[in-house]
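Have a look at the structure below before the remarks.
Chains as they are written, first to last, in the numbering used here: chain A, 171 to 411; chain B, 171 to 411; chain C, 171 to 411; chain D, 171 to 411; chain E, 171 to 411; chain F, 171 to 411.
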């Protein structure tokens, strides 16, 4: 599913993002002036997931009984069907569920379809169902909760690939979405290369710091790294290469 | 602000809606199969308001620091400015604020602009500010709360006249929005005439019932009206005309 | 509506309770070992209300579509009708609405019926509707919110006069319910005389203390009253009689 | 514990329900007009549980200090003891804890007693404690949270086998309660056979659809199943038998 | 009550702050880089209040039964008494109640004592009681709710004049607290003069803009003020002096 | 980190506390008159943790942009650094995060530092990050949630070792903090020996009761233990020694 008007993101940057944590990304983005790029109260449904991909967005509003008829789901152009059939490899589907967990936005069948399409993962501030099945599918999946109810109990798919809110964070189509055990961070697309590079450096520095701290070093001077620690880090880094 | 593709609503229906309560409308809509047409936890900011008009919708998402710059508000095409300058007489502006009350979506200046344009009122599940000023302007206004912070602390206007969620209710552009002391009800546009007529009848019946009850009648047989009460109501109704 | 098995409450005690505040009652009950006798987040719908009466309780559960049919309300034995037709003078109807404000438990017609029956007031941790109408009826009314939706959108009346929860407080049929501008306190029936007497004394003492403080006395020694203040109070009290 | 006045449920239906998911049941019930039969925010405490049984209900209200004395628990007729000693094999105990998680409604000892009685499981919208112990007991258990506090910190058992609210769902004694990894669904007793049969069919169809989707089929035409898919399913189904 | 180590605030700045709204102050502070200086969900208890003063802070934690004995309140050094007896004229008492509204932090007697001391007002993210009495006292008072329970039901006063959280905003002793109908804004003390001056200018500009808008001007070019509007404003401003 | 003015706690009592559950402790404390000593909605981040230690407290307030500069973390006296470098073996760090989970109060590096210092564990009503890393460190850790954001997004460390609120419980420096799979209980320091002894006895009695119940005994007479059960327990206990 091509998102129109997007500049390409370097494949190398996506590769780098696979090696950094969402915690590091949140900090790097904060230093660039972004205070609110990590989703709140959204959890991994599939343990030990790592996810990196380009955001495809879909937005849901509450149902209205005369619009949300049983026929709707059979319409191949209904966004809640079409987006799953047209998403591209490497993309992450982000669903704006208004934080409402009283019905699921997807289950094992839709997760399987995403996987077949090569999607990198799926994220929502709503609920999912068939959690056991989703874990069998193995697609990285982040949600606020799990609920037996189907989407049509509560949610109407309104549109695709417009900017949305998800768990209190603005998500624009094409943003780069990264997930790990802590949750999900959304990187403004045009900053991907810069953020990935800084994050990787930060990650390496923190690996060094963690090694120092686990060796008994105090935080003072070490975390954040003072001059001596930074110098030592530079030497350590060169040895490692 | 013309909303494209809408069938006209009879002026008589709007007139009838001015004489019925949101409580009656919620019941009439329920009987037609609509369970969720009344906004929850949205209150009148201006006491003794009565409001009827056609919905113009605007949707907000969380801010992103590189998008929401000080220049944005000066752009006459930014929806958070443009919609206030182009709304038409008799329309109600409905703002999807995601239920977040940590910043206001409008204050006295924007309320005054709406009034100058002849808008029938304004409704949000977010907050407003300058409450005292808004009451002086006198435009019917419904919100979840009041907060000193300005819109740009929290909210980015994303688009205009697409279907939105407001206080857990789906609002489509062109829907008819009615407000009174209890809150706000949203009528699917194509049902306006039918709903208005039924509501007016229901309202008259309830006026009769209230008169009966205040005269000492029991609920049993009276509310809901049994056969005898309905017959008596028909006679009472003819006398009144 | 007689509540079986209740010992009478002295009329004098009810009279005393009309002269004390819920704040004083909450403190008196606390000193007797009761920590949780005041409803939280329940507000007066009718300004300047004062209410004292015996609790009649009614409990609601969520609707189930095959049980909650349109015919139910026409059944004179359905508790949501019967209790309003059989409540006695001086009783307070307390409705357990599970704190859910997405539909109203009563409006102006039911409030009028309660008034006609001589009820002392009505209290719920759910919502009401027709607030303007209820204020015209003038019956003391306490609720968590206001909402246009009718009861049958959400609530099924399950039973009458069993112990209930209301706003996180246990209410037993026959308990004495007192309301003022701060909210509502529920007194265990068997303690009414003791509580009323202590509260009235406490109220008088606090009137004296307020007079002292407004005259410039410090809190130290005055509130709580030290020995000197208590002695002075005894003299003041004798003068007033 | 016999629940009076209940028609029997076919053993075959209960058997069928053991083979369907709560997700499928929520959908089948929705198609029959029931919108709210799945508990919200209630989670399995014991992983990989599957539970089917008849609801025995118990209702709790907040404590009152003069009623909830230490002696109460030693009274064998106190519902919080009696129901655990009298529940029958195959029943599910459903506890209305008003959604309050600040104290546990049961721990390992009560769970063990339920298991000894042959109960099929236990469900509450409150909390449990001794989670590790409950997992060792191995009884299916669903709750909103876990908390070290005992029941008597917060909850008074008021009555047994009356209709209750649990996690925003009406539960009538004798309803059939089904639990799996997604949560809990409550089936109106008189519909058990019809629901079980439809659910099993739906489950088989979805197994086929999942197989198709995992083989690369698009959602369009497959989910929901179009004519061709349904025909193919009928052939597939016959082969499998 | 002198707060040690504070630089003086110009009396003229306090005077200016009496003429500006909290809405304007929130915007001025935002432009200076402060995103979170306005209290959320804290409301005026006394209508038409205006309040400006220096913050004295008091912090409450939950009670512990062996610490919070009846004797505590009689101890003149207990912060919940002492601060009311020692606050100085022009100061605003800000109480950190952790957002918990299940008990009141003050009632009419403590409000009267504050008034006698010349305090400028009182602000809490907890509850108050004796609302009617507080309105008679007439001291500006802002709170999250009203509740009959006394402080000792829930809150222990831990310390005075340390930095606190109030309604999600950091409040340092000596900060300048401003309240109006919208709520409360807290100005970092060292910025008072700068903020007051900017706010007054902003307020005058907005008065001019409101006049323009009420005369029919569009937002475009007017709000925010474009070059022409700014020039016109300068002329208007000179005429007014 | 020595906490001044504390009486020693018997090592034997700490040893006993390692063998009792938080559920038992909550009950023992309740019987001593303490109703609120167990944290609500705080969960183990590291599975199968058991934790006993003396509370070191740290309190956070919301950030203020001019105070919370990048330099702050490099200051070795900033409490959010210093407390981690000075905590002593056997202590538990308790962080008052005001229940706000929108940023983490610690991650793997700070957890590692605590472990190096010999801390017994860490507890917060806020969030943590690097959950996977924390589990690798293996330090007992209890929190309300997990979030990628760093502390400086939201929290400013205000002070160390003053009484705090954590998850609605008062925690005094030096209190004994116990954690297991159910959550966390805080014992007033001066009661440690008494509580530990009673809890151990209670734990043994409950082990006996659980054995009885798992052997088919009814609750009546067994739980709570009646006279016969208590006698049998005494015999059982002697055999076991």
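All residues carry an ideal CB built from backbone N, CA and C; glycine is no exception.
This one's a predicted model, so the numbers in the text were calculated from it and none came from an experiment.
Go ahead and pull the three-state DSSP assignment for residue 182 of chain B. Helix at residue 182 of chain B.
Whole alpha helix (DSSP H) elements within the segment 191 to 221 of chain F, 4-residue minimum: 192 to 201
Against chain C, does residue 394 of chain B count as a neighbour if the rule is that its beta carbon must be under 8 Å from one of theirs? yes
Drop a sphere of 10 angstroms on the beta-carbon of residue 404 of chain F, count the other beta-carbons inside from all chains shown, and report buried for 16 or more, exposed for fewer. So residue 404 of chain F counts as exposed.
Quick one: Cα of residue 334 of chain E to Cα of residue 264 of chain E, how far? 9 Å
Nearest to residue 174 of chain B (by Cα), restricted to the options B/343, B/200, B/372, B/261: B/343
Give the secondary structure of residue 329 of chain B by DSSP, where H, G and I count as helix, E and B as strand, and everything else as coil. strand
Compare the C-alpha of residue 319 of chain C against each of B/189, B/210, B/180 and name the closest. Comparing Cα positions, the closest option is B/210.
Using a threshold of 8 Å, state whether the C-beta atoms of residue 308 of chain E and residue 214 of chain E are closer than that. Against a cut-off of 8 Å, the Cβ pair of residue 214 of chain E and residue 308 of chain E comes out as no contact.
Any C-beta of chain C within less than 9 Å: which residues of the segment 210 to 232 of chain B qualify? Within the segment 210 to 232 of chain B, 210, 211, 213, 218 place their CB atoms closer than 9 Å to a CB of chain C, listed in sequence order.
For residue 316 of chain E, go through chain C and note every residue whose CB falls closer than 9 Å to its CB, in chain order. 213, 351, 352, 353
CA-CA distance, residue 391 of chain B and residue 305 of chain C? 25 Å
Looking at the strands, I want to know which residues DSSP matches up with residue 230 of chain D. D/327
Going by the C-beta, is residue 175 of chain F closer than 7 Å to any heavy atom of the ligand ADP? Judged by which ligands are present, the structure shown has none, so any question about the ligand ADP falls away.
For the segment 280 to 302 of chain C, enumerate the residues whose C-beta is nearer than 7 Å to any C-beta of chain B, in chain order. 282, 283, 286, 299, 300, 301, 302
Please compile the residues from chain D whose C-beta is within a distance smaller than 7 Å of the C-beta of residue 319 of chain A. 196, 208
First and last residue of the alpha helix (DSSP H) that includes residue 366 of chain C? 362 to 384
In this structure, does DSSP put residue 262 of chain E in helix, strand or coil? strand
Alpha-carbon spacing of residue 351 of chain A relative to residue 272 of chain F, whole angstroms: C-alpha separation (whole angstroms): 16 Å.
Beta-carbon proximity check, residue 293 of chain F vs residue 336 of chain F, cutoff 8 Å: yes
Among E/181, E/248, E/358, which residue has its Cα nearest to the Cα of residue 200 of chain E? The shortest Cα separation from residue 200 of chain E among E/181, E/248, E/358 belongs to E/358.
Under three-state DSSP, which class holds residue 224 of chain A? strand
Just to confirm the assignment, what range does the alpha helix (DSSP H) spanning residue 403 of chain C have? 397 to 410
Opposing strand residues paired with residue 313 of chain C [DSSP bridges]: C/213
First and last residue of the uninterrupted alpha helix (DSSP H) at residue 303 of chain E: 301 to 307
Distance between beta carbons of residue 208 of chain C and residue 354 of chain C, contact taken as under 8 Å: 7 Å
Going by other Cβ atoms of all chains shown within 10 Å of its Cβ, with 16 needed for buried, is residue 251 of chain C buried or exposed? buried
Please report the straight-line C-alpha distance between residue 370 of chain E and residue 327 of chain E, rounded to a whole angstrom. 37 Å
DSSP-derived helix/strand/coil call for residue 279 of chain D: helix
So residue 340 of chain B and residue 231 of chain A are in contact, right, with Cβ under 8 Å, and what is the actual spacing, rounded? 5 Å
Any beta carbon from chain E within less than 8 Å of residue 379 of chain C's own beta carbon? yes
Please classify residue 345 of chain F: does DSSP put it in a helix, a strand, or coil? Three-state DSSP puts residue 345 of chain F in coil, outside helix and strand.
Considering only DSSP beta bridges, list what residue 141 of chain C is partnered with. Nothing can be reported for residue 141 of chain C, as the shown portion of chain C is limited to 171 through 411.
By the three-class DSSP mapping on this structure, what secondary structure does residue 255 of chain F have? helix
Using a Cβ cut-off of 8 Å (strictly closer), state whether residue 386 of chain F contacts chain D. Yes, residue 386 of chain F lies at the interface with chain D (some Cβ there is under 8 Å from its Cβ).
Can you name the start and end residues of the beta strand (DSSP E) that residue 335 of chain F belongs to? 334 to 336
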